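Here the structure is laid out as structure tokens; the discussion comes afterwards.
There are 4 protein chains.
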Amino acid sequence: MYIYTIKNLKRKYILFKVSIIGASGYSGIELIKLLSSRDDVRIEHVFANSSNGKKISEIDPSLSTLADIETEKYSPGLLNSTDIVFLSLPPAESMKIMPDLFESGIKIIDLSGDFRLSNASCYPEYYKFSHLHPELLDKAVYGLTELFNDEIKYAKLVANPGCYATGIILALMPALKNKLVSESGIVVNSLSGISGAGKKDSLEYSFNELNENIRAYKITGHQHIPEIEQTLERAAGCRIQFSFIPHLVPVNRGIYATIIADLKSDIDADTLNSLYTEEYKESPFIRIKKNIPQIKNVVHTNFCDIFFETDKKTNKLIIISVLDNLMKGAAGQAIQNMNLMLGLMETSGLIKTEKLYV
Amino acid sequence: MYIYTIKNLKRKYILFKVSIIGASGYSGIELIKLLSSRDDVRIEHVFANSSNGKKISEIDPSLSTLADIETEKYSPGLLNSTDIVFLSLPPAESMKIMPDLFESGIKIIDLSGDFRLSNASCYPEYYKFSHLHPELLDKAVYGLTELFNDEIKYAKLVANPGCYATGIILALMPALKNKLVSESGIVVNSLSGISGAGKKDSLEYSFNELNENIRAYKITGHQHIPEIEQTLERAAGCRIQFSFIPHLVPVNRGIYATIIADLKSDIDADTLNSLYTEEYKESPFIRIKKNIPQIKNVVHTNFCDIFFETDKKTNKLIIISVLDNLMKGAAGQAIQNMNLMLGLMETSGLIKTEKLYV
Amino acid sequence: MYIYTIKNLKRKYILFKVSIIGASGYSGIELIKLLSSRDDVRIEHVFANSSNGKKISEIDPSLSTLADIETEKYSPGLLNSTDIVFLSLPPAESMKIMPDLFESGIKIIDLSGDFRLSNASCYPEYYKFSHLHPELLDKAVYGLTELFNDEIKYAKLVANPGCYATGIILALMPALKNKLVSESGIVVNSLSGISGAGKKDSLEYSFNELNENIRAYKITGHQHIPEIEQTLERAAGCRIQFSFIPHLVPVNRGIYATIIADLKSDIDADTLNSLYTEEYKESPFIRIKKNIPQIKNVVHTNFCDIFFETDKKTNKLIIISVLDNLMKGAAGQAIQNMNLMLGLMETSGLIKTEKLYV
Amino acid sequence: MYIYTIKNLKRKYILFKVSIIGASGYSGIELIKLLSSRDDVRIEHVFANSSNGKKISEIDPSLSTLADIETEKYSPGLLNSTDIVFLSLPPAESMKIMPDLFESGIKIIDLSGDFRLSNASCYPEYYKFSHLHPELLDKAVYGLTELFNDEIKYAKLVANPGCYATGIILALMPALKNKLVSESGIVVNSLSGISGAGKKDSLEYSFNELNENIRAYKITGHQHIPEIEQTLERAAGCRIQFSFIPHLVPVNRGIYATIIADLKSDIDADTLNSLYTEEYKESPFIRIKKNIPQIKNVVHTNFCDIFFETDKKTNKLIIISVLDNLMKGAAGQAIQNMNLMLGLMETSGLIKTEKLYV
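Protein chains in written order, with this note's numbering: chain A, 12 to 369; chain B, 12 to 369; chain C, 12 to 369; chain D, 12 to 369.
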């Protein structure tokens, strides 16, 4: 048994206030779970129009006794003393309230796609809406923490990445940036748990329609394509071209991305490993794996596990990345961004990375 | 290799025409699957108001090339040449169209609860509606084929039993009829696959709400209670009293009923086995088992597997019955009833019980 | 009601005797289920060394009262009166008993990979064994019924294709044969239900390790690669090159293959549709679909559903094929081959394709 | 934003050292996950004979970077500086090493059943082994934290309760202690997730055997019966008698217990609610619920949710309790006991119950 005595400690406890707009969906609830177990932040308001007045613990009874906060109807005036606000809203909703929010100076993390794309003209094509406030698009920092750490620290508005996009960009970035693979002809197959589809009254997402079933969807033109393109092109310094086919498989959580790209030159596994390890040496949530990943090793965590193998016969590089779509793919990454924006340790509330003892 | 030559065969092929009202739900589709693979019946009309005009194979693409029949809007005149009609409708719908149908003389099998109870006063209590045509209740035969085989053969209107009720009555009937167990204090826990809840647009039945989850519902007052009471009381010749607690578990199909009753006297497993075997000796779909049943052994079949064990310590009889809620608990049993009503072999289209060779 | 009288029918009933070597695995049991419901074949012997003497219905209690046949220890002499034998054995077992079997003249369908490859040198590389009887390899016909229908009819030994291989070859053959896509750079991701892994005592395949999980395996060098290559190269008339990555997803049955290939020229969906429809016009188990396939539409059937979509942006053709790994991917296809080899209708015992009435 | 300054804090940090014997099973891994995220305890040794030398993160790759501790072969001398040890071993293993451990004076929490029963004669009947050290049975405190809080604080050896037993005792204790229900004729049906069966190489627990399946097991004589009896009899002050039927359902985690007992007198829901609330007012992990519980609300937590409803018709009390078999049913409860034994807050490392702010 060790006994430590810390003398004359003068420590400042800083307590930040956070609010959530759109608290009743799967990402909103995950945010509340992550925030409510922390000592350095306090949930001030949770806004959920449809479940106005209900307690969060009525919406998700697992939070009973843990988060008995009442949901409120959103009104901008209620955010006066909030330090940072999360928006977890359906498509095309964030952009409506963003001008006022942005003006107010409050720090903002938007979990929707409304501010992920720098090119407003992609919205009609991929999101099927015209952007109401294209002038705000270049105010937003794309919140892929591992790539844009420094920008996120000073951002006023962070656009939290899409769940598929996160796993695909993290897997491909080092290979593209280092010119190891061809920029075209990349093929990505992703398999997603059903929570990725959101919380809805729908026969299509009912248990009997999805259990013991597998199906692809949006075989061309999925809305995460442009954010992957713009981010990887920035990393690669040139145009890239890839196919992306998402599938639904009967698990609650998790995304499995299997990526195939043409190797530009002969490269061995060790070199690849060093390169990826180096690229992510400051990234506590990226684990470069020596065995084929499984989603059970990342669900309920903020990790993204990455693995690669080369196929001599076809001269291809196969990269697999796995993450939890509600954690690193949504709420976990949003917390990671919040930590940076508030000057806290990147891992706070997500993993313990320090020990009090040697 | 055997070669048979059958000379001078004079055989009549009889082809019956059947129609289905309410063809788009899980039971309706199961009926179509069972009927469309037969040579002795022909599906004449399928009525489905909500999906009017759609082909059955659009509603359930597994039936593509197998059942490309168009659904129609129901109108009584369309049934003129139909021999037998199945009603697979939501609660309180069958009773609205029953007077005309019954008058027309067509044979009727109703899969809803609308005509299962002989006492009209139970409807408001258990089904939350007042019966519009109580005068027709005593025209209906309760379609539990194993118990009411002879009545079903000559019935004009058969009320097909509830899925829970079927497994519970079949398990308890021999014990109660033979006075082996106490008529009161019986406890029944049933576990049902999700298809039992029907096909609906509902968050409550969405994959993420039910997968990796278990929940009880309607802990008191489930609507199958009165049909179980009236049927078992008829078998036992006295009042019976039991508790019934249904649960949802994350499987597509199957009902697992675990029943506990007080033994009236000391009885050994062999005696019980003989008694149950004797009781069901004419029932090709009842299998008395020596091992604990599992639903995987009955799903996609019309079997009800029954098992029992006595507990010396508590002097209880434990009976377990398992069946497929869409087969023996709905469409399979409806076909079994149809077979009897049309004078066909009870097992036709459900299992092959004869062989052409010795 | 129709009444037919068929006068003076002189019909020969032919009853074939079949035996199964290796009857206790998932494919063996599926064969027994398919065979035991038929009138034109009779199961003569079932051989299962490990469960010697047990009834099939003890190995799979769902077959209780349906297939109470006793398993026997295999001995060649027992097959004297059998017309056709199925081998459903672990890798490298069929080849040991094949010389005697082949010599005996009995018709043989082997469900293993032992006789699928024409080039014996592929066995050490892909199957990790050296072939004991390479001289028999060219006696075997590759049993992909849709492609080699005529050869199968007169074959003595049919090598039933692999489950992954079946779905991939059926999806790609028309495109390659008609030179629509590039012969290299094809990428195939397949998702398989767990029954594909076989029946085994293994922590790796235990419920808790696979439920709520997804994982790829054999990312390079899966043993189905050479049979896909040899078959597609025969169709295309030139070398082809593809990547194949299999994944396990938590469903019992089904294979979902997502295939991406470079289009050689501009081709529209209608042309593709006509071409595939034409190619498979004699194939009752191939369904060319207009909507994205789902495995729930093919499980427990012998269908292979095929869908395609072109991606203008990347100039790729995406083809999806789905099938049940135990049916079209194993036992169902074996039965389809048996039907041809015995001169029966291709669909016998699998679907009803004729009606007695107009 | 609040800023606190805490002046002249003189605080002692106490760090306890814990070891785990039997670290590679599901409960052992869960213990490591719970312990490795804490600041007040440190994992000193993990012993796992079968995986000797392997890192914990190789056994469970989800712990990669979080718990890269090497497993060791157990030897008593290695525990010299350990404060508390967890035993998570197969049946009949703890009792072999207990005399030495107990003698050493180290605090012990045994997760097996080896020291749960005060009556040694129950072991041959229920556990199928004779106890080697019956003299140690009365040294052990039954670690149901809510009932034996004070005894646990000063215990040297805690026998951590069985997963089924925990949920059943917590649900029934207040009703029996307050003489609300009859002491005999109680019926308990429990539904367990598959992790309850442990980690094993076994066809019986393979995915295909359990997915889409339900089965009861040990219908009479389950080994948790005597610990439930002895604990409830102590609470009730008289003999009790109940039936217990466990079932496996296809979820990874969770136990759903549905209990039916005869009400001794007319009692309304409000009175029951007050009584249960009062009984558990000091128990942070018991939640008395107003809605029917679901396991998804307790998995991955240490809560036990309890619900009751009276059935006027049958005069029965129905109680439902749900918990996570690996948390409140094993590792979570073991941590709760450790907290008490070490003088820490009962909820430490399990939930945050205090806030730094008002």
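We put the CB at the ideal spot given by N, CA and C, even for glycine. None of the values given here were measured: they were computed from a predicted structure.
(message) Among C:D121, C:L143, C:T288, C:I225, whose alpha-carbon lies nearest the alpha-carbon of A:V8?
(response) The structure shown has nothing for residue 8 of chain A, since chain A only spans 12 to 369.
(message) What does DSSP give as the partner residue(s) for A:F319 in the beta ladder?
(response) Here the question's residue 319 of chain A lines up with position 308 in the first sequence. Looking at the DSSP assignment, A:F319 forms a beta bridge with A:I330.
(message) Judging by CA-CA distance, which residue of D:F253, D:A176, D:I362, D:L221 is the nearest neighbour of D:G340?
(response) Stepping through the fourth sequence from its first residue, residue 340 of chain D is reached at position 329. Cα-wise, what sits closest to D:G340 is D:A176.
(message) According to DSSP, D:H56 sits in a beta bridge with which residue or residues?
(response) Start at 1 with the first residue of the fourth sequence, and residue 56 of chain D comes out as number 45. In DSSP, D:H56 forms a bridge with D:S30.
(message) So within the segment 219-280 of chain A, which uninterrupted alpha helix (DSSP H) runs reach at least 4 residues, ignoring any that extend past its ends?
(response) Whole alpha helix (DSSP H) segments, 4+ residues: 236-247.
(request) Use the C-beta contact count for A:S141: other C-beta atoms within 10 angstroms, 16 or more gives buried, fewer gives exposed. (result) For this step, residue 141 of chain A is matched to residue 130 along the first sequence. Label assigned to A:S141: exposed.
(message) Any beta carbon from chain C within less than 8 Å of D:K210's own beta carbon?
(response) One-based indexing of the fourth sequence puts residue 210 of chain D at position 199. D:K210 counts as touching chain C.
(message) I need the straight-line Cα distance from A:G209 to A:Y37, nearest angstrom please.
(response) As a first step, residue 209 of chain A is located in the first sequence; it is residue number 198 there, counting from the start. As a first step, residue 37 of chain A is located in the first sequence; it is residue number 26 there, counting from the start. Answer to the nearest angstrom: the Cα atoms are 6 Å apart.
(message) Output needed for B:T93: all residues of its chain with C-beta closer than 8 Å, excluding positions within five of it in sequence on either side, in chain order.
(response) Position 82 of the second sequence, counted from the first residue, corresponds to residue 93 of chain B. If we look at B:T93 and ignore the five residues flanking it on each side, its Cβ neighbours are K28, V29, S30, E55, H56, I117.
(message) Taking the straight line between their C-alpha atoms, what separation do you get for C:D308 and C:F314?
(response) Along the third sequence, one-based indexing puts residue 308 of chain C at 297. Along the third sequence, one-based indexing puts residue 314 of chain C at 303. The displayed chain sequence assigns Asn, not Asp, to residue 308 of chain C. Taking the straight line from one Cα to the other gives about 9 Å.
(message) Considering only their Cβ atoms, is the gap separating C:P135 from C:L155 smaller than 8 Å?
(response) Along the third sequence, one-based indexing puts residue 155 of chain C at 144. Along the third sequence, one-based indexing puts residue 135 of chain C at 124. No. Outside cutoff.
(request) Have a look at C:L351 and C:G360 and give me their C-alpha separation to the nearest angstrom. (result) On the third sequence, position 340 is the one that residue 351 of chain C refers to. On the third sequence, position 349 is the one that residue 360 of chain C refers to. Going by the C-alpha atoms only, they are around 12 Å apart.
(request) Please look up how many angstroms separate the CB atoms of B:T325 and D:A227, rounded, as I've assumed it's under 8 Å. (result) As a first step, residue 325 of chain B must be located in the second sequence, where it is residue number 314. As a first step, residue 227 of chain D must be located in the fourth sequence, where it is residue number 216. That belief does not hold up - the Cβ atoms of B:T325 and D:A227 are roughly 16 Å apart, past 8 Å.
(message) Strictly under 8 Å for the Cβ-Cβ distance: is C:I54 near chain B by that measure?
(response) Here residue 54 of chain C refers to the residue found at position 43 of the third sequence. Not closer than 8 Å to any Cβ of chain B, the Cβ of C:I54 fails to qualify, so no.
(message) Residues of chain C with CB closer than 7 Å to the CB of A:G340, please, in chain order.
(response) For the purposes of this step, residue 340 of chain A is identified with residue 329 of the first sequence, where counting begins at 1. Below the 7 Å Cβ cutoff, chain C contributes no neighbours of A:G340, its closest Cβ being approximately 14 Å away.
(request) Check each candidate in A:L45, A:L337, A:D322 and name the one with the smallest Cα separation from C:V198. (result) For this step, residue 198 of chain C is matched to residue 187 along the third sequence. Comparing Cα positions, the closest option is A:D322.
(request) Give the single residue among A:S73, A:N60, A:K65 whose Cα lies nearest to the Cα of B:E220. (result) If you number the second sequence from 1, residue 220 of chain B lands on position 209. When only C-alpha atoms are compared, the closest one is A:S73.
(request) Can you say whether A:G124 is buried or exposed, counting buried as having 16 or more other CB atoms within 10 angstroms of its CB? (result) Walking along the first sequence from the start, residue 124 of chain A turns up at place 113. When all chains shown are included, A:G124 counts as buried.
(request) Thinking A:V96 and A:L89 are a contact (beta carbons under 8 Å), I'd like their distance in whole angstroms, please. (result) Locating residue 96 of chain A in the first sequence gives position 85, where the first residue counts as 1. Locating residue 89 of chain A in the first sequence gives position 78, where the first residue counts as 1. 10 Å between Cβ atoms; not a contact.
(message) How far does the alpha helix (DSSP H) with C:D161 in it extend, from its first residue to its last?
(response) Mapped onto the third sequence, residue 161 of chain C falls at position 150. For C:D161, the enclosing alpha helix (DSSP H) begins and ends at 156-164.
(request) Starting from B:D121, follow its DSSP beta bridges and name the residues at the other end. (result) As a first step, residue 121 of chain B must be located in the second sequence, where it is residue number 110. DSSP, once it has assigned bridges, lists B:L98, B:A170 as partnering B:D121.
(message) For a test of the three-state rule: what should DSSP assign to C:E357, helix, strand or coil?
(response) Translated into the one-based positions of the third sequence, residue 357 of chain C becomes position 346. It is coil, neither helix nor strand.
(message) Between B:E320 and chain E, is the shortest Cβ-Cβ distance under 8 Å, so that the two count as touching?
(response) Of the chains in the structure shown, none is chain E; the protein chains are A, B, C and D.
(message) Just to check my reading of the structure: C:V262 and A:E293 have Cβ atoms closer than 8 Å, yes? What is that Cβ distance to the nearest angstrom?
(response) Indexing the third sequence from 1 puts residue 262 of chain C at position 251. Indexing the first sequence from 1 puts residue 293 of chain A at position 282. Actually they do not touch by this definition, with Cβ atoms about 39 Å apart.
(request) Indicate the three-state DSSP secondary structure (helix, strand or coil) for C:I25 in the structure shown. (result) Start at 1 with the first residue of the third sequence, and residue 25 of chain C comes out as number 14. Strand at C:I25.
(message) Buried or exposed, going by whether 16 or more other CB atoms sit within 10 Å of the CB of B:M356?
(response) As a working mapping, residue 356 of chain B is identified with position 345 in the second sequence. Exposed, by the Cβ-count rule.
(request) Go ahead and label D:N63 buried or exposed: buried means 16 or more other beta carbons lie within 10 angstroms of its beta carbon, across all protein chains shown. (result) Here residue 63 of chain D corresponds to residue number 52 of the fourth sequence, with the count starting at 1. So D:N63 ends up on the exposed side.
(request) For C:I121, collect the residues of the same chain with a Cβ closer than 6 Å to its Cβ; drop the 5 residues on either side in sequence, then sort them by chain order. (result) Within the third sequence, the letter at position 110 stands for residue 121 of chain C. First, the residue type needs correcting, since residue 121 of chain C is Asp and not Ile in the sequence shown. Here the set comprises L98, S105, A170.
(message) I want to see whether chain B comes within less than 8 Å of D:Q234, judged by CB atoms only; does it?
(response) To locate residue 234 of chain D, count along the fourth sequence from 1; it is residue 223. Taking Cβ atoms only, chain B never reaches closer than 8 Å to D:Q234, which makes this a no.
(message) Please classify D:K84 as buried or exposed, where buried requires at least 16 other C-beta atoms within 10 Å of its C-beta.
(response) Indexing the fourth sequence from 1 puts residue 84 of chain D at position 73. It counts as exposed.
(request) Check each residue of the segment 220-253 of chain A: if its Cβ is closer than 9 Å to any Cβ of chain D, include it; give the result in chain order. (result) The segment 220-253 of chain A vs chain D, Cβ under 9 Å: N222, E223.
(request) Closer than 7 Å by beta-carbon distance: list the chain A residues that pair up with D:I362, in chain order. (result) Within the fourth sequence, numbered from 1, the residue matching residue 362 of chain D stands at position 351. In chain order: L77.
(request) Can you tell me which of the three DSSP states D:L77 falls into? (result) Taking the fourth sequence and counting its residues from 1, the one referred to as residue 77 of chain D is at position 66. Coil at D:L77, not helix or strand.
(message) Please confirm whether A:K383 has its beta-carbon closer than 8 Å to some beta-carbon of chain D.
(response) It is not possible to answer for residue 383 of chain A, since the shown part of chain A is limited to 12 through 369.
(request) Return no unless some Cβ of chain B is closer than 8 Å to the Cβ of D:G33. (result) Residue numbering aside, residue 33 of chain D sits at position 22 when the fourth sequence is read from its first letter. Closer than 8 Å: no.
(message) Classify B:K190: buried if its beta carbon has 16 or more other beta carbons within 10 angstroms, exposed otherwise.
(response) Residue 190 of chain B sits at position 179 when you count from the first residue of the second sequence. With fewer than 16 Cβ atoms within 10 Å of its Cβ, B:K190 is classed as exposed.
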